[in-house]
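Protein chains in written order, with full-length UniProt numbering: chain R, 1 to 258; chain Y, 1 to 353.
Glycine residues also receive a C-beta, built at the ideal position from the N, C-alpha and C atoms.
Note that the structure is predicted; figures quoted are calculated from it, not measured.
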């Protein structure tokens, strides 16, 4: 019984959304300018988030997986904090750090005239803050399983750390990197709390799809349902994509042989 | 061997808490390292390869490589299951060491193909490790290590996990390659093994590790004839009785089986209980358990007397008898009997402190 209850709890809201969606007027509801802008911002910022994760998160994952430095355990714990932090709290933290009068934000504005809050770049910053931990932890796991032994063998063969990383470690970790990208992307696409707290909800600059759903819900619930349906479709597509990536293809092959 | 290739290997490595060993090998020599699990074999290999932090000098061809980076040691490492890079083909795996050292793609691939050919896996150059059998993967791993012409080749249990037939073929071939490499380049080979056959057939010298220390060192024949540790004794198929201060070894064929206590001079004897028996050809091998407290038989020297105060330890012994006597004595699991052995058939090695 509890199992059935749990299943119902998870399934009913989604089914209700699909059933109650205004299918007849779906096309015209989604054709508005605000929807187009929000979709572009959401896709753009989520892709930018993945890119930042790749460029900055990969080295961090490598440091966590391979180096043996004092304080790394603490660093790993800190990296994981945004995973469990309520997104609104993340937004407040971001405002405190990068806001106009923030610890980093004020000097940044004075020195370069650069402001992050209420800009599209601010949206990306908020998304990176929330999505990067997913990416880093996923890639760190992949780098670990890619094996220190491969590193050792590569080193005896004359490979520098960088050469070994490029030619051995990273290629072996590709499935984990892809999984991390998808996780970070999905997290970014759905991010709402930190974004609206730090970057606001301005159509054309910081209004993402989730923010638009929230706005629409205040005015016309059917509009909100139509938008929610789009996000649901995207989520299902991600899930379907992950099913293949989730299983490490290399490891699968090794098991077959054994 | 070749004097032009310098000093060979002389290392005094220490991995705190793991192993402390003085390892020497002449140029071209094959040194087998044997010992039970946890004896420090892997740590020794890691310390020599430079992949495990260690103290003490590692002199290869007269230069101390312990201070420099791993990349400049000129050491070839073949880890236990080969350790091939799963995402690269056999050819790319072998070419890796040359490419990493700046050899251009074309020449590196040519050299790699030649080495695969030498190891008998030239036709598999395009395959990835996942599509190679265990023996094939081991060959590729050896080729990958040898293509860089290392001064020291480290083989960590190269035949572990292979079928007996595959292992035998690979062992014979590897012997030839090691000899050729030794002659051409003076490469020292260190071979970690669990198998007496490896040590006896491939090695010029054997180093026995136990508890992180060198327990014995010598030619394979020496070590097999006078094992100083129980592990090596069992490895070469001998009975081993460990005492406080000595290790006694004797072959199963020297053991006599009686139903009543035997009388005779200068024999060690034990009441025993038969655990099992297997017939191989004309020999029935018995596995029996004895209590080592009964070790002092008539004529046993003074060195064993101290045992009287210690609790008897149950040990197992092997005895070989003919099928006819096994029948006559009506031996079956659980049978009580007496085992004895002439003192002259027993080799006693005093344990190193």
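Sub-9 Å separation of residue 35 of chain R and residue 189 of chain R beta-carbons: For the purposes of this step, residue 35 of chain R is identified with residue 35 of the first chain, where counting begins at 1. For the purposes of this step, residue 189 of chain R is identified with residue 189 of the first chain, where counting begins at 1. At least 9 Å separates the beta-carbon of residue 35 of chain R from that of residue 189 of chain R.
The beta strand (DSSP E) enclosing residue 216 of chain Y, as first and last residue numbers: As a first step, residue 216 of chain Y is located in the second chain; it is residue number 216 there, counting from the start. It spans 213–218 - the beta strand (DSSP E) in which residue 216 of chain Y sits, taken as one unbroken run.
Per-residue DSSP class, three states only, for residue 341 of chain Y: Taking the second chain and counting its residues from 1, the one referred to as residue 341 of chain Y is at position 341. If DSSP states are grouped into helix, strand and coil, residue 341 of chain Y belongs with the strands.
Pairwise C-alpha distance: residue 171 of chain R and residue 100 of chain R: Counting from 1 along the first chain, the entry for residue 100 of chain R is found at position 100. Counting from 1 along the first chain, the entry for residue 171 of chain R is found at position 171. When only Cα atoms are considered, residue 100 of chain R and residue 171 of chain R end up about 42 Å apart.
Partners in chain R for residue 148 of chain Y, counting only beta-carbon separations shorter than 8 Å: Residue mapping note: residue 148 of chain Y aligns to position 148 of the second chain, counting from 1. Residues of chain R passing the Cβ test: 157 and 158.
Closest residue to residue 76 of chain R among R/224, R/140, R/5 and R/233 (Cα-Cα distance): Translated into the one-based positions of the first chain, residue 76 of chain R becomes position 76. When R/224, R/140, R/5 and R/233 are compared, the shortest CA-CA separation from residue 76 of chain R is found for R/140.
Interface positions of the segment 97–111 of chain Y facing chain R (Cβ-Cβ less than 7 Å), listed along the chain: So the list reads 97, 100 and 101, given in the order they occur along the chain.
Boundaries of the alpha helix (DSSP H) in which residue 162 of chain R is found, first to last residue: The sequence position of residue 162 of chain R within the first chain is 162, counting from 1. The continuous alpha helix (DSSP H) containing residue 162 of chain R extends over residues 161–164.
For residue 296 of chain Y, the three-state DSSP class (helix, strand or coil): Within the second chain, the letter at position 296 stands for residue 296 of chain Y. Residue confidence is low: residue 296 of chain Y scores 45 on pLDDT, short of 50, so the model does not pin down where it sits. Its coordinate-derived value is still stated next. Here residue 296 of chain Y sits in coil by DSSP.
Simplified DSSP state of residue 186 of chain Y, which is helix, strand or coil: Here residue 186 of chain Y is taken as the residue at index 186 of the second chain, counted from 1. Residue state, collapsed to three classes: coil.
Rounded Cβ spacing between residue 209 of chain Y and residue 21 of chain Y (contact assumed at less than 8 Å): Locating residue 209 of chain Y in the second chain gives position 209, where the first residue counts as 1. Locating residue 21 of chain Y in the second chain gives position 21, where the first residue counts as 1. Contact holds; Cβ gap of about 7 Å.
Beta carbon of residue 15 of chain Y nearer than 9 Å to that of residue 54 of chain Y: Walking along the second chain from the start, residue 15 of chain Y turns up at place 15. Walking along the second chain from the start, residue 54 of chain Y turns up at place 54. Yes; because the gap between Cβ atoms is below 9 Å, this pair is in contact.
Candidates Y/163, Y/140 and Y/164, of which the one nearest residue 177 of chain Y by Cα: What you label residue 177 of chain Y is simply residue 177 of the second chain in a count that begins at 1. In terms of Cα proximity to residue 177 of chain Y, the closest of Y/163, Y/140 and Y/164 is Y/140.
Simplified DSSP state of residue 20 of chain Y, which is helix, strand or coil: Position 20 of the second chain holds residue 20 of chain Y. The answer is strand: DSSP assigns residue 20 of chain Y an E or B state.
Segment contact flag, the segment 90–107 of chain Y with the segment 175–190 of chain Y, C-beta cutoff 8 Å, min 3 pairs: Result no; under three Cβ-Cβ pairs closer than 8 Å.
Chain-order list of residues whose beta-carbon lies under 7 Å from that of residue 145 of chain Y (same chain, five-residue window excluded): On the second chain, residue 145 of chain Y is found 145 positions in, with the first residue counted as 1. Within the same chain, residue 145 of chain Y has close Cβ partners 76, 77, 78 and 153.
Where residue 239 of chain Y sits in the DSSP three-state scheme: Here residue 239 of chain Y refers to the residue found at position 239 when the second chain is read from its first residue. It is a strand residue.
Straight-line Cα distance separating residue 215 of chain Y from residue 63 of chain Y: The sequence position of residue 63 of chain Y within the second chain is 63, counting from 1. The sequence position of residue 215 of chain Y within the second chain is 215, counting from 1. In this structure, the alpha-carbon of residue 63 of chain Y lies about 27 Å from that of residue 215 of chain Y.
Beta strand (DSSP E) runs contained entirely in the segment 129–191 of chain Y, provided each spans 3 or more residues: Counting only runs of 3 or more, we get 152–156.
Beta-carbon proximity check, residue 117 of chain R vs residue 98 of chain R, cutoff 9 Å: Mapped onto the first chain, residue 117 of chain R falls at position 117. Mapped onto the first chain, residue 98 of chain R falls at position 98. A contact, by the Cβ cut-off of 9 Å.
Given 8 Å, three or more beta-carbon pairs between the segment 331–343 of chain Y and the segment 274–290 of chain Y: They touch, by the three-pair rule.
Residues sharing a beta bridge with residue 147 of chain R, DSSP: Along the first chain, read from residue 1 onward, the residue named residue 147 of chain R stands at position 147. Partner(s): none; residue 147 of chain R has no beta bridge.
Residue(s) in a DSSP beta bridge with residue 255 of chain Y: The count along the second chain starts at 1 and reaches residue 255 of chain Y at position 255. Residue 255 of chain Y pairs with Y/341.
Min CB distance residue 164 of chain R to chain Y below 9 Å: Taking the first residue of the first chain as position 1, residue 164 of chain R is located at position 164. Closer than 9 Å to some Cβ of chain Y, the Cβ of residue 164 of chain R qualifies, so yes.
Cutoff 6 Å; reference residue 364 of chain Y; Cβ partners in own chain excluding five residues on either side: There is simply no residue 364 of chain Y to check, as chain Y begins at 1 and stops at 353 in what is shown.
Length of the line joining the Cα atoms of residue 225 of chain R and residue 46 of chain R: For this step, residue 225 of chain R is matched to residue 225 along the first chain. For this step, residue 46 of chain R is matched to residue 46 along the first chain. Each residue's Cα considered, the two are about 22 Å apart.
Beta carbon proximity, residue 153 of chain R to chain Y, threshold 9 Å: The residue you call residue 153 of chain R lines up with position 153 of the first chain. At least one chain Y Cβ lies under 9 Å of residue 153 of chain R.
Exposure of residue 176 of chain R, with buried meaning 16 or more beta-carbon neighbours within 10 Å: Working through the first chain from its first residue, we reach residue 176 of chain R at position 176. Flag for residue 176 of chain R reads buried.
Candidates Y/225, Y/159 and Y/33, of which the one nearest residue 82 of chain Y by Cα: Looking up residue 82 of chain Y in the second chain gives position 82. Checking every option, the nearest Cα to that of residue 82 of chain Y belongs to Y/159.
Contiguous beta strand (DSSP E) assignments of at least 3 residues, all confined to the segment 63–87 of chain Y: Segments of the beta strand (DSSP E) lying fully in the segment 63–87 of chain Y: 75–78.
Own chain, CB closer than 6 Å to residue 283 of chain Y, minus 5 neighbours either side, in chain order: As a working note, residue 283 of chain Y is residue 283 in the second chain. These residues qualify, in order along the chain: 320.
Nearest-angstrom beta carbon gap, residue 191 of chain R and residue 126 of chain R [assumed within contact, 8 Å]: Counted from its first residue, the first chain places residue 126 of chain R at position 126. Counted from its first residue, the first chain places residue 191 of chain R at position 191. Yes, residue 126 of chain R and residue 191 of chain R are in contact; Cβ-Cβ is about 7 Å, under 8 Å.
Beta-carbon proximity check, residue 56 of chain R vs residue 132 of chain R, cutoff 9 Å: The residue given as residue 56 of chain R occupies position 56 in the first chain. The residue given as residue 132 of chain R occupies position 132 in the first chain. Yes.
With 16 other Cβ atoms within 10 Å as the buried cut-off, status of residue 93 of chain Y: As a first step, residue 93 of chain Y must be located in the second chain, where it is residue number 93. Buried, by the Cβ-count rule.
Cα-Cα separation between residue 251 of chain Y and residue 41 of chain Y, rounded to whole angstroms: As a position in the second chain, residue 251 of chain Y is number 251, starting the count at 1. As a position in the second chain, residue 41 of chain Y is number 41, starting the count at 1. Distance between the alpha carbons of residue 251 of chain Y and residue 41 of chain Y: 27 Å.
Whole-angstrom distance between residue 59 of chain R and residue 8 of chain Y, CA atom to CA atom: Translated into the one-based positions of the second chain, residue 8 of chain Y becomes position 8. Translated into the one-based positions of the first chain, residue 59 of chain R becomes position 59. In a straight line, the C-alpha of residue 8 of chain Y is about 40 Å away from that of residue 59 of chain R.
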